[in-house]
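Student: Numbering (our numbering), first residue to last: 2 to 269.
#1: Rounded to a whole number of angstroms, what is the C-alpha to C-alpha distance between residue 22 and residue 89?
#2: Buried or exposed for residue 59, please, with buried defined as at least 16 other CB atoms from any protein chain shown within 10 angstroms of its CB.
#3: Out of 169, 120, 129, 102, which has the shortest C-alpha to C-alpha gap to residue 95?
#4: Please state whether the Cβ-Cβ distance between residue 92 and residue 27 is less than 8 Å.
#5: Between the beta-carbon of residue 115 and the beta-carbon of residue 186, is there less than 8 Å?
#6: If you draw a straight line from the C-alpha of residue 16 to the C-alpha of residue 33, how long is it?
#7: Is it right to say residue 100 is buried, meaning 16 or more other beta carbons lie within 10 angstroms of its own, or is it exposed?
#8: Using DSSP's beta-bridge definition, name the partner residues of residue 139.
#9: Rank 20, 11, 25 by C-alpha distance to the C-alpha of residue 221 and give the top, closest one.
#10: Could you pull the start and end residues of the alpha helix (DSSP H) that residue 55 belongs to?
#11: Looking at residue 270: is its Cβ nearer than 8 Å to the Cβ of residue 143?
#12: Since residue 17 sits in a beta bridge, which residues does DSSP pair it with?
#13: Apart from the five residues on each side of it in sequence, which residues of its chain come closer than 8 Å, Cβ to Cβ, to residue 231?
#14: Along the chain, where does the beta strand (DSSP E) containing residue 238 start, and where does it finish?
#15: Keeping to the same chain, check which residues put their C-beta closer than 7 Å to that of residue 244; ignore five residues upstream and five downstream.
#16: Tell me whether residue 154 sits in a helix, a strand or coil according to DSSP, three-state version.
#17: Just to confirm before moving on: does the CB-CB distance between residue 65 and residue 43 stay below 8 Å?
#18: I'd like to check one pair, residue 128 with residue 71: are the Cβ atoms closer than 8 Å?
#19: Alpha carbons only, please: which of 103, 125, 139, 75 is nearest the one belonging to residue 181?
#20: If you follow the alpha helix (DSSP H) that residue 192 is part of, which residue opens it and which one closes it?
#21: Quick check on the DSSP output: the alpha helix (DSSP H) that includes residue 81 runs from which residue to which?
#22: Using only the alpha-carbon positions, how far apart do residue 253 and residue 246 sit?
#23: Is residue 39 near residue 62, with beta carbons less than 8 Å apart?
#24: For residue 205, which residues from the same chain have a beta carbon less than 8 Å from its beta carbon, with the 5 sequence-adjacent residues on both sides left out?
#25: Between residue 1 and the rest of its own chain, which residues show a CB-CB distance below 8 Å, the 5 nearest in sequence each way excluded?
#26: Give the single residue among 226, 80, 98 whose Cα lies nearest to the Cα of residue 31.
#27: From what residue to what residue does the alpha helix (DSSP H) around residue 9 run?
#28: For residue 171 and residue 136, I'd like the C-alpha separation in whole angstroms.
Put into structure tokens, the structure is as follows:
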């Protein structure tokens, strides 16, 4: 459980993709601990609805923002600073999936996903880094995936966006350390949200993912992010069972690939 004695009332947290799932859960856990929170989503109405569910409306703000557009990020950053004067934690969570084979993958959909998942993270960091440098402190939490360690068949492009996020975040952490800025990479396993349902579906859909019922909750991911932020962790992998899975893939990739072939099944 998250300790009730933790007071983060002096902190300002911005969460992209905050209208549902992991993003909303992260926004809530920080709002519950006193933080001032900005919820960002492409859909202003859904962001406002999430703000209503979270409560604490006296110190939360809901704004529309498409992270694929740097100008929109600059706009919401300016509004956030106008309301709350600083940014202590920026959570890059917005993104979506693409389920298709390498052979049939639609390249327009692939580029759009890279724009949201990877370049949206890059845009967010580039916009906020000057603010955090001026403050002398700040943290980025980049919500990646275990798929950034173990590439998923029929989710190859999605996995590629997460590998890119992992590499970018880890390199940025070294670059920004002397400026007092920390970068944390978060890699959840399968989560019980509407993420898969909302993923773009291609012509050839198979999966090696477990059933929705076996996934972890968005709240569990949010707790891991919260504790990771407090401890300034470099990387958060949740659930813990993903640690041996990642190590297994690093040491014995052929065994893991064999298992994924056996698990692959049609989802149509």
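All residues carry an ideal CB built from backbone N, CA and C; glycine is no exception.
Tutor: Once the coordinates are examined:
#1: Approximately 22 Å, taken between the alpha carbons.
#2: Looking at its Cβ environment, which holds fewer than 16 other Cβ atoms inside 10 Å, residue 59 is exposed.
#3: Closest by alpha carbon: 120.
#4: Yes, the Cβ-Cβ distance between residue 92 and residue 27 is below 8 Å.
#5: Against a cut-off of 8 Å, the Cβ pair of residue 186 and residue 115 comes out as no contact.
#6: Distance between residue 16 and residue 33, taken at the CA atoms: about 14 Å.
#7: So residue 100 ends up on the buried side.
#8: Residue pairing of residue 139 in beta bridges, as defined by DSSP: 182.
#9: The residue with the shortest Cα to Cα distance from residue 221 is 25.
#10: Element bounds for residue 55: 45 to 55.
#11: Past the boundaries of the shown model lies residue 270; the chain is included only from 2 to 269, so the question cannot be answered.
#12: Answer is none; residue 17 lacks a bridge partner.
#13: Residues of the same chain with a CB within less than 8 Å of the CB of residue 231, apart from the 5 flanking positions on each side, are 7 in chain order.
#14: Its beta strand (DSSP E) spans residues 236 to 239.
#15: These residues qualify, in order along the chain: 238.
#16: If DSSP states are grouped into helix, strand and coil, residue 154 belongs with coil.
#17: Going by C-beta atoms, residue 65 is nearer than 8 Å to residue 43.
#18: Their beta carbons are under 8 Å apart, which means residue 71 touches residue 128 by this criterion.
#19: Considering only alpha carbons, the answer is 139.
#20: No alpha helix (DSSP H) contains residue 192, which DSSP labels as neither H nor E.
#21: Annotation: the continuous alpha helix (DSSP H) that includes residue 81 extends over 71 to 85.
#22: It is roughly 10 Å from the alpha-carbon of residue 253 to the alpha-carbon of residue 246.
#23: Yes, the Cβ-Cβ distance between residue 39 and residue 62 is below 8 Å.
#24: Low per-residue confidence applies at residue 205: pLDDT is 49, beneath 50, and the placement is therefore not dependable, though the value from the model is reported in the following sentence. Contacts found: 101, 102, 104, 105, 155.
#25: Only positions 2 to 269 of the chain appear in this structure, which leaves residue 1 out of reach.
#26: For residue 31, the nearest C-alpha among the options comes from 226.
#27: Counting along the chain, no alpha helix (DSSP H) covers residue 9, and no H or E run does either.
#28: One C-alpha to the other measures close to 22 Å.
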